[in-house]
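Since the structure comes first, as structure tokens, the remarks are kept for the end.
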Amino acid sequence: IEAYNLRKVYRTRNGKHAAVDGLDLRVPLGVIHGFLGPNGAGKTTTIRMLLGLIAADSGHIRDLDHEVPMAISVVIGRVGAIVEQPKFFPAFSGRKNLQLLATAIGAPRRRVAAVLDEVGLAGRDKYRNYSLGMKQRLAIAATLLKDPDLLIFDEPTNGLDPAGIQEIRTMMRSLARRGKTVLVSSHILSEVQQIADTVTIIGRGRLLAE
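Using the working numbering, read the sequence shown as starting at 490 and increasing by one per residue.
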């Protein structure tokens, strides 16, 4: 990922607020890159711009050597992301949910068994009976259906107990060892220290360190 001078301004009751203000972001290939900053620093807004979900007011973005959002249709098949809790059918099993999703996005159905194995889920239980950690692992499995080159996770360990945090951490390391590039945002310094190869630190929408 390469992003330069990104800016996104929102209108509020008190006037205009720059959620992202001239931010530069560089994520090397094949690493776990920590995107660190306090809540409200502009991390989720930046991620939404990287994914083409919202338009930047100014600046330039390149994902996997393609301009975003202009070439988002070329890039999106090579990117997996969790920006908020995905919506799954509570009455269906994890496996059934992934099978439906695979059909919807044109991924081979055989990928379902492979990604469930990768995240350590059997997939037989109904989604409504999943723990928070299991739900997060199923969400990661969903992002892997297309076997993407770039994975973007926005606060993936929020609300998890220590065992769940360790599972997600181990999973991200495994993805990086397979040559995937992983961008993970967090507001917890110790979490980023334990997992990231490189890091960008932001505050109030601006780059503080990288």
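Virtual Cβ for every residue (Gly too), placed ideally from N, Cα, C.
Please read all numbers here as calculations on a predicted model, not as lab measurements.
For Q530, I'd like the list of residues in its chain whose CB is within less than 6 Å of its CB, leaving aside the five on either flank, ordered along the chain.
Before going further, note that residue 530 is Ala rather than Gln in the sequence given. Non-local beta-carbon contacts of A530 in its own chain, meaning distances under 6 Å to residues more than five positions away in sequence, involve I691, G692 in chain order.
Do G548 and A492 have their beta-carbon atoms positioned less than 8 Å apart in this structure?
Yes, they are a contact pair.
I need the boundaries of the alpha helix (DSSP H) containing K532, first residue and last residue.
Per DSSP, the unbroken alpha helix (DSSP H) holding K532 starts and ends at 532–539.
With DSSP run on the structure shown, which of helix, strand or coil describes I490?
Look at I490 here: in three-state DSSP terms it is coil, with no helix or strand label.
List in chain order: all unbroken alpha helix (DSSP H) runs of 4+ residues lying wholly within the stretch 496–581.
Correct list: 532–539, 561–564.
Evaluate contact between the stretch 580–599 and the stretch 614–633, counting only Cβ atoms and requiring at least three cross-stretch pairs below 8 Å.
Verdict: yes, contact present.
Under 8 Å: do the stretch 592–603 and the stretch 669–679 share three or more Cβ pairs, one atom per stretch?
Between the stretch 592–603 and the stretch 669–679, the count of C-beta pairs closer than 8 Å stays below three; the two stretches do not touch.
Do L621 and G595 come within 8 Å of each other at the CB atom, strictly closer than that value?
Not a contact, by the Cβ cut-off of 8 Å.
On the DSSP bridge assignment, give the partners of G692 in chain order.
Per DSSP, R695.
Give the secondary structure of L640 by DSSP, where H, G and I count as helix, E and B as strand, and everything else as coil.
In the three-state scheme derived from DSSP, where H, G and I count as helix and E and B as strand, L640 is classed as strand.
May I ask which residues mark the beginning and end of the alpha helix (DSSP H) holding T632?
Counting along the chain, the unbroken alpha helix (DSSP H) around T632 starts and ends at 621–633.
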